[in-house]
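Some notes on the structure that comes next.
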Amino acid sequence: MNLISIKRALIATSLGVLSLQAHAQDYDGHLGMDLSLSNDTANVGVYSLRESAQELTNLGVNYFFNRDGDKFADIFGSISRKGMANNENLELGVAGKVFYADDHSSNNSGYGAMLGVNGRYWLPTELPMALGADWLYAPPITSFGKVKSASQTDVRLEARILPSAVAYVGYRRLSVEFDQHTQTMDSNVNVGVNIAFQ
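Each residue of the sequence shown is one higher than the last, beginning at 1 in UniProt numbering.
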């Protein structure tokens with residue numbers, strides 16, 4: 001089986017698994033856009049969020065680029081459970097994405113699949129605020145092309161400033177290990193906004 005066939009099978013399988021949803025529950029849903037910026041990086045994404053009384057399901061795509069010309073594009077999905085550890089403010093879940101990474105300086109590129117965890121804790125404040133975090137990792141077994149492994153960590157403080165808008169400040173670290181070197185594509189504090197289209 002060649003790399004193109006593996007890539008197609010990986011993407012199809014990942015999308016199939018991540019799009020499974022419990023249709024027996026009543027869901028509310030919306031489409032939205034997410035934009036985050038730092039002095040040297042930008043990330044733009046669109047997503048489809050479905051929410052029930054017990055869980056959140058999120059599917060979408062992201063495109064990241066930096067001042068050095070590096071690019072990282074992904075299709076992602078996550079499922080989070082509300083009220084974890086008998087705490088109604090705590091959400092914990094699993095996440096995954098298939099990605100394409102391009103290192104401009106070395107002309108290396110590759111793709112793979114990442115798996116990880118996410119969490120959010122809603123603070124007891126008058127203005128709805130939360131602490132959120134995501135961690136994902138692509139081991140060598142799910143990395144192809146010139147990519148040997150990849151990892152992404154996001155930590156952020158969110159505030160719902162409007163019913164349809166969440167502003168946040170956060171830190172993102174995005175690192176991709178290629179055959180000859182490791183490229184840190186992002187290690188910056190960023191500000192962003194998440195806008196829901198009702």
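Even for Gly, the Cβ is constructed at its ideal location relative to N, Cα and C. Quantities reported herein were computed from a predicted structural model and do not represent experimental measurements.
As assigned by DSSP and simplified to three states, the class of residue i
i: residue 125; result: coil
i: residue 159; result: strand
For residue i: DSSP bridge partner residues
i: residue 75; result: 61 and 98
i: residue 194; result: 34 and 166
i: residue 130; result: 122 and 158
i: residue 27; result: DSSP output for residue 27 lists no bridge partner at all.
i: residue 108; result: 103
i: residue 182; result: 177
i: residue 82; result: 91
Opening and closing residue of the beta strand (DSSP E) in which residue i lies
i: residue 67; result: Counting along the chain, residue 67 falls outside any beta strand (DSSP E), and DSSP gives it neither H nor E.
i: residue 165; result: 165 to 178
i: residue 88; result: No beta strand (DSSP E) contains residue 88, which DSSP labels as neither H nor E.
i: residue 41; result: 41 to 51
Between the CA atoms of residue j and residue i - distance to the nearest angstrom
i: residue 180; j: residue 164; result: 44 Å
i: residue 24; j: residue 52; result: Its pLDDT being 41, under 50, residue 24 is placed unreliably in this model, and the value from its coordinates should be taken loosely. If I take the Cα positions, the gap works out to 10 Å.
i: residue 147; j: residue 80; result: 29 Å
i: residue 169; j: residue 191; result: 4 Å
i: residue 141; j: residue 111; result: 12 Å
i: residue 193; j: residue 161; result: 10 Å
i: residue 21; j: residue 77; result: Bear in mind that the predicted position of residue 21 carries a pLDDT of just 45, short of 50, making it too unreliable to give a figure here.
i: residue 134; j: residue 94; result: 9 Å
i: residue 66; j: residue 182; result: 16 Å
i: residue 173; j: residue 187; result: 4 Å
i: residue 154; j: residue 54; result: 24 Å
i: residue 125; j: residue 101; result: 39 Å
i: residue 242; j: residue 143; result: Summary: the structure shown does not reach residue 242, with the chain confined to residues 1 through 198, and so no result is reported for it.
i: residue 178; j: residue 157; result: 31 Å
i: residue 151; j: residue 197; result: 30 Å
i: residue 36; j: residue 62; result: 11 Å
i: residue 136; j: residue 70; result: 19 Å
i: residue 189; j: residue 38; result: 6 Å
i: residue 97; j: residue 109; result: 17 Å
Contacts around residue i, its chain only, beta-carbon distance under 6 Å, and the 5 residues preceding and following it disregarded
i: residue 84; result: 90 and 92
i: residue 64; result: 43 and 72
i: residue 27; result: 50 and 52
i: residue 119; result: 92 and 133
i: residue 56; result: 80
Cβ shell of residue i (< 7 Å), same chain only, five flanking positions each side left out
i: residue 195; result: 32, 33, 164 and 165
i: residue 121; result: 89, 90, 130 and 131
i: residue 167; result: 159, 161 and 193
i: residue 60; result: 45, 46, 47, 48 and 76
i: residue 68; result: 104 and 105
Within-9 Å CB hit, residue i to chain B
i: residue 72; result: Although the question refers to chain B, the structure presented lacks it and comprises just one protein chain.
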